[in-house]
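What follows is a short report on a single structure.
There are 2 protein chains.
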Amino acid sequence: MKTLKLAILGYGNAGRAYGKLLVEKMPEIIKKHNTEVKVAAIVTKTKGTLIEENGIDLAKAETELADFGKFRDGTSQGAMEVAETVDYDVLVELTPLEIFSGQPAISHIQAALKRGKHVISANKGPIAWAFRELRDLAAENGCLFYYETTVMDGAPVFNLADEALLMCKVTEIRGILNSTTNFILGELEKGVAYEDAIEEGKRRGFVEADPAMDVEGWDAAAKIAALMNVLMDAGTTPADIDRKGIEGITAAQVESARERGKAIKLLCGGIIENGKTKGYVKPEEIGRGDIFASIEGTSSVVSITTDLMGTVSIVEHGPEIEQTAYGIFSDTMRVLKNSC
Amino acid sequence: MKTLKLAILGYGNAGRAYGKLLVEKMPEIIKKHNTEVKVAAIVTKTKGTLIEENGIDLAKAETELADFGKFRDGTSQGAMEVAETVDYDVLVELTPLEIFSGQPAISHIQAALKRGKHVISANKGPIAWAFRELRDLAAENGCLFYYETTVMDGAPVFNLADEALLMCKVTEIRGILNSTTNFILGELEKGVAYEDAIEEGKRRGFVEADPAMDVEGWDAAAKIAALMNVLMDAGTTPADIDRKGIEGITAAQVESARERGKAIKLLCGGIIENGKTKGYVKPEEIGRGDIFASIEGTSSVVSITTDLMGTVSIVEHGPEIEQTAYGIFSDTMRVLKNSC
Numbered sequence: 000m001k002t003l004k005l006a007i008l009g010y011g012n013a014g015r016a017y018g019k020l021l022v023e024k025m026p027e028i029i030k031k032h033n034t035e036v037k038v039a040a041i042v043t044k045t046k047g048t049l050i051e052e053n054g055i056d057l058a059k060a061e062t063e064l065a066d067f068g069k070f071r072d073g074t075s076q077g078a079m080e081v082a083e084t085v086d087y088d089v090l091v092e093l094t095p096l097e098i099f100s101g102q103p104a105i106s107h108i109q110a111a112l113k114r115g116k117h118v119i120s121a122n123k124g125p126i127a128w129a130f131r132e133l134r135d136l137a138a139e140n141g142c143l144f145y146y147e148t149t150v151m152d153g154a155p156v157f158n159l160a161d162e163a164l165l166m167c168k169v170t171e172i173r174g175i176l177n178s179t180t181n182f183i184l185g186e187l188e189k190g191v192a193y194e195d196a197i198e199e200g201k202r203r204g205f206v207e208a209d210p211a212m213d214v215e216g217w218d219a220a221a222k223i224a225a226l227m228n229v230l231m232d233a234g235t236t237p238a239d240i241d242r243k244g245i246e247g248i249t250a251a252q253v254e255s256a257r258e259r260g261k262a263i264k265l266l267c268g269g270i271i272e273n274g275k276t277k278g279y280v281k282p283e284e285i286g287r288g289d290i291f292a293s294i295e296g297t298s299s300v301v302s303i304t305t306d307l308m309g310t311v312s313i314v315e316h317g318p319e320i321e322q323t324a325y326g327i328f329s330d331t332m333r334v335l336k337n338s339c
Numbered sequence: 000m001k002t003l004k005l006a007i008l009g010y011g012n013a014g015r016a017y018g019k020l021l022v023e024k025m026p027e028i029i030k031k032h033n034t035e036v037k038v039a040a041i042v043t044k045t046k047g048t049l050i051e052e053n054g055i056d057l058a059k060a061e062t063e064l065a066d067f068g069k070f071r072d073g074t075s076q077g078a079m080e081v082a083e084t085v086d087y088d089v090l091v092e093l094t095p096l097e098i099f100s101g102q103p104a105i106s107h108i109q110a111a112l113k114r115g116k117h118v119i120s121a122n123k124g125p126i127a128w129a130f131r132e133l134r135d136l137a138a139e140n141g142c143l144f145y146y147e148t149t150v151m152d153g154a155p156v157f158n159l160a161d162e163a164l165l166m167c168k169v170t171e172i173r174g175i176l177n178s179t180t181n182f183i184l185g186e187l188e189k190g191v192a193y194e195d196a197i198e199e200g201k202r203r204g205f206v207e208a209d210p211a212m213d214v215e216g217w218d219a220a221a222k223i224a225a226l227m228n229v230l231m232d233a234g235t236t237p238a239d240i241d242r243k244g245i246e247g248i249t250a251a252q253v254e255s256a257r258e259r260g261k262a263i264k265l266l267c268g269g270i271i272e273n274g275k276t277k278g279y280v281k282p283e284e285i286g287r288g289d290i291f292a293s294i295e296g297t298s299s300v301v302s303i304t305t306d307l308m309g310t311v312s313i314v315e316h317g318p319e320i321e322q323t324a325y326g327i328f329s330d331t332m333r334v335l336k337n338s339c
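Which chain is which? The protein sequence lines are A and B, in order.
Just so it is clear: in the first sequence, position 310 is 309 by numbering that gives the first Met the number 0, and no numbers are missing.
Just so it is clear: in the second sequence, position 6 is 5 by numbering that gives the first Met the number 0, and no numbers are missing.
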């Protein structure tokens, strides 16, 4: 039996759900791929770092986090040190997003690829800020580089593009990809006040303590930049996206749109204009009959238009943390499938 | 340079659009795969059969069909004879659907697989009536068997399942997959009379001369049977699907639904009940806010619910014949990719 060793950088809710899924599915993985997946390292910023080259006991690690809030025998090694020195086959980059730079996740990934290690990133920063460079570095070093979770959790948008858009040229991308703003706009429409909508979103766990990055459209800008980089080879960054958030949208505007049979949604998109790619994030009024008007709360949609396949949309309905974990898991299965 | 030889059975509008796409993309195919795709045979029922083991001149064949309505040097060999005797690598099954049996397409495919030939089918009959047997026969003979076009033209529903639903168990499928009924219901809603809607659909080319198979739900039953067979290993047939068409739906019912903020749609679905798969086709009232209510005219949707990935929907927007051709083309590219 073969072994595939992971080094996991960052172990928040999605990481822990991923760890549980790995434990649960291990018998099936072994049966299917004749390979045992072991976790050689888990790095956290405040809960300690575990390194065990023969494989961390994930169930025990989970119990410690649940019971003590940290690893009992955790060390203080940092993510970069682990990326550069530990013996692993796949780096799993789950550190928190730094939306204005993509760092230090980009450096972690570069370190892994330079060592010839495969990389899975659930962090969209590197895909939004440095995709072309990382893609080329992966190719030069014969490494796999997957990032399914970065835009739509477990829904297979990049996988679809890799496997299904054969010889198609993507000419337009359009999406609703930010839960926080989609939720707030939906609540405004129901007559809930802006501040109350934010509080409710925080209570339900999908609105950040400081929602500015969502409300101002930065999160959507990072996601559309990532999509444009991968699907259109745009070489863009979130800073290049023509960005307008929902901070200027009033309850009166939402109500007025509703009366006219429309819904205000925060759209993001990428187009080709005079041969150049151009990205945007902006609030737009959508007619009730449009599929985009049906995307509510934490659901999301991406429409991809190509020269040969026409327009196809992918909708993810009300994802939970388990779907994010599944996205990382499915990338892991793709590494198993394609690295042998 | 390698060669991949196709034998194409059936060469109607979709087949001809596929032929044009092959010609147009040949330089790119050769560059990418170092393989020339040649068509060794084209069989038609009424326009003659071409067999040229060094490769048919597709542009010339198209000109003959356009100018004379048939091949000038066509012979009378039949599909089964070609499937069994011509030297080819991939059988491309594009004969018309026989919805109550899947024949003779099933026999054509069996003949090819028994000879160790790969198969692409745009005919849904074999997938709806005999998928399990054909899948196993393909596996026994080390053959690839693709059928992307059978349910949603060029939209990648089976490809998605193959590549992206890794270790997921499909628990429910739900779709709107019949254009004719979706178009008729939409027209009824606008106040157009049933017969006028049918005439308009015929004029626009997507309603059959005899629309009974669509109106009575047989086409949707074949599509949901195909989806259930592939995604749920259901081993079902169109005859097993609990089927109700739209022949009983009146303009008054559609209007009444509209007044209550709903739209009547012909849904098809597959569920698991007491451990058994169960398929249905039936008209249903859908709330205006639902994504299914936004599917109009020839657009279609499939929602797939799994244990790990949650619910993901795929929507195809207003496909034309070029999208069907692209579905067959993308299967051809997958054969190139996966047979080397």
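Note that beta-carbon positions come from the ideal geometry of N, C-alpha and C, so glycine has one too.
- Less than 8 Å divides the Cβ of GLY268 (chain A) from the Cβ of TYR279 (chain A).
- When C-beta atoms of the segment 314-326 of chain A are compared with those of the segment 302-312 of chain B, three or more pairs fall below 8 Å, so the two segments count as touching.
- The segment 13-71 of chain A is shown to contain whole beta strand (DSSP E) runs of 3 or more residues at 34-42, 48-50, in chain order.
- Interface with chain B (8 Å Cβ-Cβ cutoff): MET25 (chain A) is excluded.
- For TYR146 (chain B) and ASN53 (chain B), the gap between their C-alpha atoms comes out near 26 Å.
- At a Cβ-Cβ threshold of 8 Å, ALA225 (chain A) and PHE144 (chain A) do not count as neighbours.
- Apart from sequence neighbours up to five positions away, the residues of its chain that approach LEU187 (chain B) with a beta-carbon distance below 6 Å are ALA250, VAL253, ordered along the chain.
- Closest in C-alpha terms to VAL334 (chain A), from the list A:GLU35, A:TYR10, A:PRO26, comes A:GLU35.
- Here ILE271 (chain B) really is in contact with THR170 (chain B); their C-beta atoms are around 6 Å apart, less than 8 Å.
- Listed along chain B are MET308, GLY309, each with a C-beta nearer than 7 Å to that of GLN322 (chain A).
- Taking each of B:ASP306, B:ASP86, B:ALA238, B:PRO26 in turn and checking the Cα distance to MET212 (chain B), the smallest one comes out for B:ALA238.
- For THR179 (chain A), the secondary structure class from DSSP, reduced to helix, strand or coil, is helix.
- Burial check for PHE182 (chain B): the Cβ neighbour count within 10 Å reaches 16 or more, so the residue is buried.
- A:LEU136 is the residue among A:ILE28, A:GLU51, A:LEU136 whose C-alpha sits nearest the C-alpha of ARG114 (chain A).
- By the neighbour-count definition (other C-beta atoms within 10 Å, threshold 16), ALA39 (chain B) is a buried residue.
- Taking 8 Å as the CB threshold, GLY185 (chain A) stays off the interface with chain B.
- Taking a cut-off of 8 Å for Cβ pairs, the segment 152-161 of chain A and the segment 320-334 of chain A touch, as three or more such pairs fall below it.
- For the C-beta of ALA219 (chain B), not a single chain A residue is nearer than 8 Å; the gap to the nearest is close to 20 Å.
- PHE328 (chain A) sits in a helix when the DSSP states are folded into three classes.
- Proximity of GLU283 (chain B) to chain A, defined by a Cβ-Cβ separation below 8 Å, is not satisfied.
- For GLY185 (chain A) against VAL300 (chain A), the beta-carbon gap comes to about 14 Å, at or over 8 Å, which does not count as contact.
- LEU64 (chain A) and ILE245 (chain A) have their C-alpha atoms some 37 Å from each other.
- Counting only Cβ-Cβ distances below 8 Å, SER120 (chain B) has no contacts in chain A at all, with the closest Cβ about 17 Å away.
- For the segment 272-298 of chain A, the set of positions with a beta-carbon nearer than 8 Å to some beta-carbon of chain B reads ARG287, GLY288, ASP289, ILE290, ALA292, SER293, ILE294, GLU295 in chain order.
- LYS24 (chain A) sits close to MET166 (chain B), with the two beta carbons spaced by under 8 Å.
- 8 Å or more divides the Cβ of ALA78 (chain A) from the Cβ of LEU3 (chain A).
- Under DSSP, LEU5 (chain B) forms a beta bridge with B:VAL38, B:VAL89.
- One finds nothing in chain A with a Cβ atom closer than 7 Å to the Cβ of ASN33 (chain B); even the nearest lies about 15 Å away.
- Separation of the CB atoms of VAL89 (chain B) and LYS116 (chain B) is rounded to 6 Å, and the pair is thereby assigned contact status at 8 Å.
- Under DSSP, the beta-bridge partners assigned to LYS277 (chain B) are B:ILE270.
- Using a Cβ distance threshold of 8 Å, THR48 (chain B) and THR74 (chain B) count as a contacting pair.
- Chain order gives the chain A residues near ASN158 (chain B) as GLU162, ALA163, where near means a beta carbon separation below 7 Å.
- At a cut-off of 4 residues, the continuous stretches assigned as alpha helix (DSSP H) that sit fully inside the segment 140-177 of chain B are 148-151, 156-163.
- Around the Cβ of MET0 (chain A), a 10 Å sphere holds fewer than 16 other Cβ atoms; the residue is exposed.
- When DSSP reads this structure, SER120 (chain B) sits in a beta bridge with B:GLU92.
- Residue burial is scored here from C-beta neighbours: ASN273 (chain A) has fewer than 16 other C-beta atoms within 10 angstroms and is therefore classed as exposed.
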